[in-house]
Amino acid sequence: MTNRLEQSKALASDARLSILGWLVSPNAHFAHQQTGDPSEIGVCVTLITEKLGMSQPTVSRHLELLKRADFLTVNKIGRWSFFARNEAGIAEYKVWLNDTL
Numbered sequence: 000m001t002n003r004l005e006q007s008k009a010l011a012s013d014a015r016l017s018i019l020g021w022l023v024s025p026n027a028h029f030a031h032q033q034t035g036d037p038s039e040i041g042v043c044v045t046l047i048t049e050k051l052g053m054s055q056p057t058v059s060r061h062l063e064l065l066k067r068a069d070f071l072t073v074n075k076i077g078r079w080s081f082f083a084r085n086e087a088g089i090a091e092y093k094v095w096l097n098d099t100l
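In structure tokens, the structure reads:
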């Protein structure tokens, strides 16, 4: 079972909430991705870094927290990592939150 406290902590950041929000409609926010369709393969870390205006290590840390919380999946293609929302993990968290509160 996923640690619900860690999931809640993962949402306690404007940057991480922005990432999750952008990835709802990745083509609207990252249409300029050249490697592949962002809605199919996910969004490259580089583009998320540019959009957030943060350093790559900081963005990688945000992405890792969201991944560990089961809110993101990662698709590795070559040396690149592409991130997408894990809708099943997000839905499970929403059910737990609704049942708990």
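Using numbering that gives the first Met the number 0, the first residue of the sequence shown is number 0, and each one after it goes up by one.
C-beta atoms are modelled at their ideal positions from N, C-alpha and C, and glycine is treated no differently.
Being a predicted model, the structure only gives us computed values, none of them experimental.
Start and end residues, alpha helix (DSSP H) containing residue i
| i | result |
| --- | --- |
| Phe-29 | 25-29 |
| Leu-96 | 86-99 |
Where residue i falls: helix, strand or coil (DSSP)
| i | result |
| --- | --- |
| Leu-71 | strand |
| Ser-12 | coil |
| Ser-80 | strand |
Distance cut-off 7 Å: residue i Cβ against heavy atoms of the ligand MN
| i | result |
| --- | --- |
| Asn-97 | Absence of the ligand MN is noted for the structure shown, with no ligands found whatsoever. |
For residue i, the nearest candidate out of the options (CA to CA)
| i | options | result |
| --- | --- | --- |
| Pro-25 | Ala-9, Gly-77, Cys-43 and Met-53 | Cys-43 |
| Leu-4 | Asp-69, Thr-34, Gly-77 and Leu-22 | Asp-69 |
Quick check: the segment 78-88 against the segment 35-51, are at least 3 beta-carbon pairs closer than 8 Å? Enough Cβ pairs lie closer than 8 Å, so yes.
Kindly confirm or deny that the segment 53-64 and the segment 32-42 touch, where touching means at least three C-beta pairs closer than 8 Å. Short answer: they don't touch.
Under 8 Å: do the segment 26-34 and the segment 86-99 share three or more Cβ pairs, one atom per stretch? Between the segment 26-34 and the segment 86-99 there are fewer than three inter-stretch CB-CB distances shorter than 8 Å, so the stretches are not counted as touching.
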